[in-house]
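Asker: Using this note's numbering, you'd call the opening residue of the sequence shown number 170 and step up by one each time. Sending over a structure as structure tokens; questions will come in a sec.
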Amino acid sequence: MSILPYWTTETCNVINGSDGTLFPPFVQKDDRKYLFSTDICRSIYATFDSEQTIRDIDLLRFTVPPKVFLDHNHNPANEGFCTPHGVCLPSGLLNVSSCKQGAPVVMSLPHFLYADPVVQDAVYGLNPNKIEHQTILDIEPNTGVVMNAQKKLQVNAYIRNVSHITQTLKIKDHIVYPVLWLNESAEIDAKSASDFKSAVQTPVHITQAVQYGLIVLGVLFIIGAAFWFVKVKTSQTKEDDLVTVVDDNRDTAHLVVQ
170 MSILPYWTTE
180 TCNVINGSDG
190 TLFPPFVQKD
200 DRKYLFSTDI
210 CRSIYATFDS
220 EQTIRDIDLL
230 RFTVPPKVFL
240 DHNHNPANEG
250 FCTPHGVCLP
260 SGLLNVSSCK
270 QGAPVVMSLP
280 HFLYADPVVQ
290 DAVYGLNPNK
300 IEHQTILDIE
310 PNTGVVMNAQ
320 KKLQVNAYIR
330 NVSHITQTLK
340 IKDHIVYPVL
350 WLNESAEIDA
360 KSASDFKSAV
370 QTPVHITQAV
380 QYGLIVLGVL
390 FIIGAAFWFV
400 KVKTSQTKED
410 DLVTVVDDNR
420 DTAHLVVQ
């Protein structure tokens, strides 16, 4: 299935990207990495955040930017995530009831990170923190292999004021109430890192060393050739000057004899 049935626009229903475990090789900092999350039933993307090193392996860290979670007023591309059609939640929230058998489930980042202040202020005890609550992918740029991944999600219940349920009477209209948040993390272990460096990084470093060695050798060859050329040219000039002096001496001697 390449098209989802859950959202209200074709763009939002397109499955775009991998599962986030592997990307094409030769990753660049200006890349936008697309991935599809089955937990939230939609495609998202990550952009470069910083350089990282794990177990002596140099990596590029990609994170999901706040723009992905903005409401349709601030990011029109997200209009298709208003479900039912025209019913839009504030920034930072995603109604996934259409792909969760109709359950009143709203997904967000932990502690409502990047959510509208109205959402955050409605619940006490929140402490959104970018370092602890954002989703990250640490990618080895030459191979596209993800060496460290941390997927952070929060499951919330959408609770409305229902007149005959006394527990909801204090709710003005509705509230998005946090139930739990998840951290699904995986990092390359020491043995796998050692095997990776032996199989991938060491040959790359050797190749680079050979390339640099050939460049240095080429430069030395050019310098040596230039030095040899100058030396030969100088020697030839001295020989020509000597021949001229000898010829001049012969001419002088010839004149004296006459």
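Here a beta-carbon is modelled for each residue, glycine too, at the ideal position from N, C-alpha and C. As the structure is a computational prediction, the values presented were derived from the model and not from experiment.
Measuring straight from C-alpha to C-alpha, what distance separates D188 and K341?
Answerer: As a working note, residue 188 is residue 19 in the sequence shown. As a working note, residue 341 is residue 172 in the sequence shown. Approximately 40 Å, taken between the alpha carbons.
Asker: Do the region 348 to 367 and the region 317 to 328 touch if we need at least three Cβ pairs shorter than 8 Å?
Answerer: Yes: at least three Cβ pairs fall under 8 Å.
Asker: Taking C-beta to C-beta, are I308 and V237 nearer than 8 Å?
Answerer: Within the sequence shown, residue 308 is the residue found at index 139, counting from 1. Within the sequence shown, residue 237 is the residue found at index 68, counting from 1. It is not a contact, given that the beta carbons lie outside the stated cut-off.
Asker: Roughly how many whole angstroms lie between the Cα atoms of C140 and S212?
Answerer: There is simply no residue 140 to check, as the chain begins at 170 and stops at 427 in what is shown.
Asker: In the region 183 to 213, which residue ranges form an unbroken beta strand (DSSP E) of at least 3 residues, counting only runs that do not cross its ends?
Answerer: For the region 183 to 213, whole beta strand (DSSP E) runs of length 3 or above, ordered along the chain, are 201 to 206.
Asker: What does the Cβ neighbour count give for A345, buried or exposed, with the cut at 16 atoms within 10 Å?
Answerer: By 1-based counting over the sequence shown, the position of residue 345 is 176. One point to set straight first is that residue 345 is Val, not Ala, in the sequence displayed. Buried, because 16 or more other Cβ atoms sit within 10 Å of the Cβ of V345.
Asker: Classify I391: buried if its beta carbon has 16 or more other beta carbons within 10 angstroms, exposed otherwise.
Answerer: Working through the sequence shown from its first residue, we reach residue 391 at position 222. Under this definition I391 is an exposed residue.
Asker: Three-state secondary structure (DSSP) at Y346?
Answerer: Along the sequence shown, one-based indexing puts residue 346 at 177. Strand.
Asker: Kindly indicate which residue of I328, N185, V388, P347 has the alpha-carbon position closest to the one of S277.
Answerer: Taking the first residue of the sequence shown as 1, we reach residue 277 at position 108. Checked all of I328, N185, V388, P347; the closest Cα to S277 is P347.
Asker: Taking the Cβ atom as the reference point for each residue, do T177 and H243 lie within a distance shorter than 8 Å?
Answerer: The residue given as residue 177 occupies position 8 in the sequence shown. The residue given as residue 243 occupies position 74 in the sequence shown. No, Cβ-Cβ distance for T177 and H243 is not below 8 Å.
Asker: When we look at the beta-carbon of L191 and count the other beta-carbons within 10 Å, is it buried (16 or more) or exposed?
Answerer: Within the sequence shown, residue 191 is the residue found at index 22, counting from 1. Its Cβ having fewer than 16 others within 10 Å, L191 is exposed.
Asker: Residues in the same chain with beta-carbon distance under 6 Å from T304, minus the five sequence neighbours each way, listed in chain order, please.
Answerer: The count along the sequence shown starts at 1 and reaches residue 304 at position 135. These residues qualify, in order along the chain: V233, K320, K321.
Asker: Once you ignore the five residues that flank N185 on each side, which residues in its own chain have a CB closer than 7 Å to its CB?
Answerer: As a position in the sequence shown, residue 185 is number 16, starting the count at 1. Closer than 7 Å at Cβ, skipping near neighbours: Y203, F205, S212.
Asker: If you follow the beta strand (DSSP E) that A246 is part of, which residue opens it and which one closes it?
Answerer: Position 77 of the sequence shown, counting from 1, holds the residue named residue 246. Counting along the chain, A246 falls outside any beta strand (DSSP E), and DSSP gives it neither H nor E.
Asker: Taking only the alpha-carbon atoms, compute the straight-line gap between A362 and V292 and give it to the nearest angstrom.
Answerer: Residue mapping note: residue 362 aligns to position 193 of the sequence shown, counting from 1. Residue mapping note: residue 292 aligns to position 123 of the sequence shown, counting from 1. Roughly 42 Å separates the two Cα atoms.
Asker: My understanding is that F231 touches T216, with C-beta atoms under 8 Å, so please give their C-beta distance in whole angstroms.
Answerer: In the sequence shown, residue 231 corresponds to position 62, counting from 1. In the sequence shown, residue 216 corresponds to position 47, counting from 1. Contact flag correct, Cβ pair sits at about 6 Å.
Asker: Measure the C-alpha to C-alpha separation of F281 and L349 and round it to an integer number of angstroms.
Answerer: Start at 1 with the first residue of the sequence shown, and residue 281 comes out as number 112. Start at 1 with the first residue of the sequence shown, and residue 349 comes out as number 180. Cα to Cα, the separation comes out at about 11 Å.
Asker: In the DSSP assignment, what are the bridge partners of S266?
Answerer: On the sequence shown, position 97 is the one that residue 266 refers to. S266 pairs with nothing; no bridge assigned.
Asker: Throw me the rounded Cβ distance for the A284 and G261 pair, which I believe falls under 8 Å.
Answerer: Here the question's residue 284 lines up with position 115 in the sequence shown. Here the question's residue 261 lines up with position 92 in the sequence shown. That pair is a contact at about 3 Å.
Asker: Heavy atom of the ligand ATP less than 7 Å from the Cβ of S367, yes or no?
Answerer: Ligands in the displayed structure: none, and consequently the ligand ATP is not present.
Asker: Tell me which residues share the same chain as K198 and place their Cβ nearer than 7 Å to its Cβ, disregarding the 5 neighbours each side in the sequence.
Answerer: Locating residue 198 in the sequence shown gives position 29, counting from the first residue. The residues are F217, L229.
Asker: What's the C-alpha gap between Q323 and I209?
Answerer: Counting from 1 along the sequence shown, the entry for residue 323 is found at position 154. Counting from 1 along the sequence shown, the entry for residue 209 is found at position 40. Their backbone Cα atoms lie some 10 Å apart in a straight line.
Asker: To which residues of the same chain is N298 closer than 8 Å at the C-beta, ignoring the five residues directly before and after it?
Answerer: Numbered from its first residue, the sequence shown carries residue 298 at position 129. Closer than 8 Å at the Cβ level, and outside the excluded window around N298, lie H280, L282.
Asker: Three-state secondary structure (DSSP) at F398?
Answerer: The sequence position of residue 398 within the sequence shown is 229, counting from 1. If DSSP states are grouped into helix, strand and coil, F398 belongs with the helices.
Asker: Sort out for me which residues DSSP pairs M316 with in a bridge.
Answerer: Walking along the sequence shown from the start, residue 316 turns up at place 147. Its beta-bridge partners do not exist; DSSP assigns none.
Asker: Which residue from S171, C181, T180, D200 puts its Cα closest to that of P310?
Answerer: Indexing the sequence shown from 1 puts residue 310 at position 141. Checking every option, the nearest Cα to that of P310 belongs to D200.
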